[in-house]
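Position one of the sequence shown corresponds to residue 7 (the numbering used here), numbered consecutively onward. Glycine is no exception: its CB is placed at the ideal position from the N, C-alpha and C atoms. Computed from a predicted structure; not experimentally measured.
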Amino acid sequence: MSHEAPVIGVLALQGDVREHLIALAAADAVARPVRRPEELAEVDGLVIPGGESTTISKLAVLFGVMEPLRARVRAGMPVYGTCAGMIMLADKILDPRSGQETVGGIDMIVRRNAFGRQNESFEAALDVNGIAGDPVEGVFIRAPWVESVGAATEVLAEHEGHIVAVRQGNALATSFHPELTGDHRVHALFVDMVRANRSAESL
7 MSHEAPVIGV LALQGDVREH LIALAAADAV ARPVRRPEEL AEVDGLVIPG
57 GESTTISKLA VLFGVMEPLR ARVRAGMPVY GTCAGMIMLA DKILDPRSGQ
107 ETVGGIDMIV RRNAFGRQNE SFEAALDVNG IAGDPVEGVF IRAPWVESVG
157 AATEVLAEHE GHIVAVRQGN ALATSFHPEL TGDHRVHALF VDMVRANRSA
207 ESL
């Protein structure tokens, strides 16, 4: 097994890219922004940050990264989406905007802005399956929730009966923004997923 730090990209088209780069570095990964297909080809895993999912979708197509990203996710590259990133990883969106595409990768149906608009942002302590210790402080900003999941999708956390964190194979998604809290345990979980995947590929 390689002990070198995994290289993890953050899709840097829109959203809170810098905070994810900082959180990944704190979780012992080499973090770099990704905008173009050639940058995507050089990473072991990718974070899709929060932002506006329709905008991210259109920019991903414009920059030519949507198709290579879909191909990498289908081929098993670990990917983690927060908020808008969760929407990008959904196989289905309940109320997609016209022209909105997703990367897919998680068998779930997501409802956009389910927790309300910008002024209805809130924080909540969440027990996240796979993360030991104190609850994770979830920051929700115009957050989606998961309406339903398929049999292969593991539910990691719920808030008031709504699914807010899921995992399917190498894909992880949260409705909330762990990169805004200074608690890097969710990023550390993703870095571990990337390490495990890299070890499996090198066998």
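Under DSSP, residue 173 forms a beta bridge with 160, 178.
Closest by C-alpha distance to residue 107, out of 126, 62, 131, is 62. For residue 71, the secondary structure class from DSSP, reduced to helix, strand or coil, is coil. Less than 9 Å divides the Cβ of residue 90 from the Cβ of residue 54. Residue 100 is positioned such that its CB atom lies no closer than 9 Å to that of residue 74. The closest CA to that of residue 191, considering only 35, 15, 207, 77, is found on 35. When secondary structure is reduced to three states using DSSP, residue 42 falls in the coil class, being assigned neither helix nor strand. Annotation: residue 83 to residue 201 spans about 11 Å, alpha carbon to alpha carbon. The Cβ atoms of residue 164 and residue 146 do not sit closer than 9 Å to each other.
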